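Accompanying notes for the structure given below.
In mature numbering (1 follows the signal peptide of the UniProt record, and there is no 0), the protein residues as written are -21 to -1, 1 to 240.
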């Protein structure tokens, strides 16, 4: 391994150890020197990968947007310290989002692996998680709307600002893209959460059927309804444009659609 490679590996290991931080509000880690280092390193790493990453300071709403995104970018099954730390580094963009496998059974497996006296507690945990997610979505969507409105002001001001140079324009464009890709990521991860909750509920019904399943189904329907609030914020293909998912092969190879009269 080269000296540079050793330094990179050492830094990643240090960040990995520090990523298991005490949680503060919104489920994010409490402010600390380690968390600041992770955020700074993530911005640099994203820039080096060609991902939109602006050096501009965050507005108040942009800060709140990132705080509110935290819950959805971290795994719902957050009991494995190592995987949770990796998820934190991914959320901070130290690691690219697409390295993670969409492990749909993980949430169910995590709940079943815990010791519990009654199946009621498993259904209740599922219901509580789904409802908590659903309650946070309207707030996140409202903040995203304010951020996008401010981005519009930023872009409209560019042609009239005579003192800006190419770097300023580039940084502004990257911040706008950065904000949109964050919302696209939350929308994607929310859909994956719903899939994980649905998988857990379907398996609970087979493993330990009970009346509690009705409440869990209602909670999941509540989350699915709130999930729709994120759809108007961005085009349907935003996750693909942001590099969060790969473009399906059939989409690339499919012949253009020709209208028939």
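Virtual Cβ for every residue (Gly too), placed ideally from N, Cα, C. All values derive from a computational prediction rather than experimental measurement.
Contact set for residue 206: own chain, Cβ-Cβ below 6 Å, skip 5 residues either direction: 169
Reduced DSSP secondary structure (H/G/I, E/B, other) of residue 83: coil
Cut-off 8 Å between Cβ atoms - residues of its own chain near residue 118, not counting five sequence neighbours on either side: 47
Collapsed DSSP secondary structure at residue 112 in the structure displayed: helix
Residue range of the unbroken alpha helix (DSSP H) whose run includes residue 95: Taken as a continuous stretch (DSSP letters only), residue 95 belongs to no alpha helix (DSSP H), as it is neither H nor E.
Cβ-Cβ distance between residue 209 and residue 85 below 8 Å: no
Touching by the beta-carbon criterion (3+ pairs, under 8 Å), the stretch 186 to 195 and the stretch 84 to 100: yes
Beta carbon of residue 113 nearer than 8 Å to that of residue 201: yes
Cβ separation of residue 173 and residue 203, assumed to be a contact under 8 Å, to the nearest whole Å: 6 Å
Sub-8 Å separation of residue 180 and residue 161 beta-carbons: no
Residue ranges of each beta strand (DSSP E) within the stretch 122 to 153, 3 or longer: none
Of the residues 129, 192, 142 and 88, the one placed nearest residue 106, counting alpha carbons only: 192
Closest Cα partner of residue 124 within the set 213, 92, 37 and 147: 213
Inter-residue Cα distance where the pair is residue 72 and residue 122: Because residue 72 sits at a pLDDT of 46, beneath the cut-off of 50, its placement in the model cannot be relied upon, and the point is left open.
Neighbourhood of residue 109 by C-beta distance below 6 Å, restricted to the same chain and skipping five residues each side: 176, 198, 199 and 202
Through-space distance from residue 53 to residue 87, alpha-carbon basis: 16 Å
Whole-number beta carbon distance between residue 137 and residue 148, since they are thought to touch under 8 Å: 6 Å
Selected residue, minimal CA-CA separation from residue 38, among 130, 224 and 145: 130
Rounded C-alpha distance that separates residue 152 from residue 134: 8 Å
Where residue -21 sits in the DSSP three-state scheme: Per-residue confidence for residue -21 stands at a pLDDT of 46, beneath the threshold of 50, marking its modelled position as unreliable; the derived number appears in the next sentence. Residue -21 falls in the coil class under three-state DSSP.
Residue from 164, 166, 140 and 178 with nearest C-alpha to residue 82: 178
Residue 38 in three-state terms, based on DSSP: coil
Residue 139 classed as buried or exposed, judged by whether at least 16 other C-beta atoms fall within 10 angstroms: exposed
Through-space distance from residue 157 to residue 33, alpha-carbon basis: 7 Å
Where residue 209 sits in the DSSP three-state scheme: helix
Range of the contiguous alpha helix (DSSP H) that encloses residue 219: 217 to 220
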